[in-house]
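Take the sequence shown: its position 20, counted from the start at 1, is 267 in the working numbering, and no numbers get skipped.
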Amino acid sequence: MTINEAQRFELHAELRKILGDGVAGTLMDHLPPGGWADVARTRDVNQLHDRVDDRFKNFEERVDDRFKNFEVRIDRRFDSVVKGLWTIGTIVAGAFIGLFSLIVSTR
């Protein structure tokens with residue numbers, strides 16, 4: 248059951264007559280402003296917690312998958328670069344050996 252502002256004011260006025268200003272004000276301060284329908288229950292909070300927890304687990308799994316895929320791509324590129332460097336090194340070494348052999352054989 249929700250009450251409007253006029254009903255809240257009337258309740259506060261009656262409480263002030265019976266309990267006094269201070270106690271009536273304290274009691275009114277403990278009432279939710281929009282009515283009890285707007286107040287979350289423990290079950291509501293627990294359900295929200297479970298939903299948020301599930302979303303974070305899904306997010307973590309997606310992030311983990313992305314990092315694994317990223318690592319695989321980086322490893323492949325690194326392997327490709329290393330193979331290229333070995334190839335270039337082998338060619339350069341072969342060229343130096345050939346050049347050295349040519350220089351030695353002409354003397």
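Even for Gly, the Cβ is constructed at its ideal location relative to N, Cα and C.
Cβ shell of residue i (< 8 Å), same chain only, five flanking positions each side left out
i    : result
R290 : none
I250 : L258, G282
A284 : T249
Which of helix, strand or coil DSSP assigns to residue i
i    : result
T353 : coil
I250 : coil
G281 : coil
G267 : coil
CB-CB length for residue i against residue j, believed under 8 Å
i    : j    : result
L278 : L262 : At roughly 10 Å, the Cβ-Cβ gap does not stay under 8 Å, so L278 and L262 are not in contact.
Residue-chain proximity (residue i, chain B), Cβ-Cβ < 7 Å
i    : result
D268 : Considering every chain present, this structure includes no chain B. It has just one protein chain.
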